[in-house]
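All residue numbers for the sequence shown refer to my numbering, where the first residue is 9 and numbers rise by one. See below for the structure under consideration.
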Amino acid sequence: MSVNPVDTQLRQQQLRVLRRKWLKDQELSPREPVLPEKKLNAVDRFWANFLQKSSPWRTYTFKTYNIGVSAVKRILIPAWIVHYFVKYHLEGDVIKETGQVVPPIKEPSGGHHH
9 MSVNPVDTQL RQQQLRVLRR KWLKDQELSP REPVLPEKKL NAVDRFWANF
59 LQKSSPWRTY TFKTYNIGVS AVKRILIPAW IVHYFVKYHL EGDVIKETGQ
109 VVPPIKEPSG GHHH
């Protein structure tokens with residue numbers, strides 16, 4: 009059983025035409041895809057509105073965050089540094105009522121701790 013070469017050429021040409029047509033049909037127009045409008049539940053609506061640029065929630069959250077960061081930078085960290093220096097680098101303790109300075113306890117240099 010032999011196949012006519014003209015028939016095979018015609019078939020290949022038809023297949024090429026069909027492939028080109030199929031590829032052309034796969035291209036989307038600027039209007040596609042048309043998707044149905046997505047309905048959001050209450051939580052998704054809240055977050056969608058929260059993340060809008062002009063949202064008051066976003067503005068207040070950003071301001072609160074900036075105030076917190078500046079408070080940590082300007083108050084807490086310097087206070088911690090001063091506290092650390094006073095606690096570990098100054099000699100003796102001061103009794104508030106009398107103003108008496110208690111010298112630091114001297115460790116015995118015996119070598120053994122019991």
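Ideal Cβ positions, reconstructed from N, Cα and C, are used throughout, including at glycine.
From this set, the options, which residue's C-alpha is nearest residue i's C-alpha?
i, options, result
"residue 98", "106, 87, 107 and 111", "111"
Assuming residue i and residue j are in contact, meaning their beta carbons sit under 8 Å apart, how far apart are those beta carbons, in whole angstroms?
i, j, result
"residue 102", "residue 94", "Actually they do not touch by this definition, with Cβ atoms about 10 Å apart."
"residue 60", "residue 53", "Going by Cβ atoms, the distance from residue 60 to residue 53 rounds to 11 Å, so no, they are not a contact pair."
Only counting the same chain, and skipping five residues up and downstream in sequence, which positions put a Cβ closer than 6 Å to that of residue i?
i, result
"residue 49", "none"
"residue 86", "none"
Keeping to the same chain, check which residues put their C-beta closer than 8 Å to that of residue i; ignore five residues upstream and five downstream.
i, result
"residue 80", "none"
"residue 124", "Here the chain covers residues 9 to 122 and nothing more, so residue 124 does not appear."
For residue i, I'd like the list of residues in its chain whose CB is within less than 7 Å of its CB, leaving aside the five on either flank, ordered along the chain.
i, result
"residue 30", "none"
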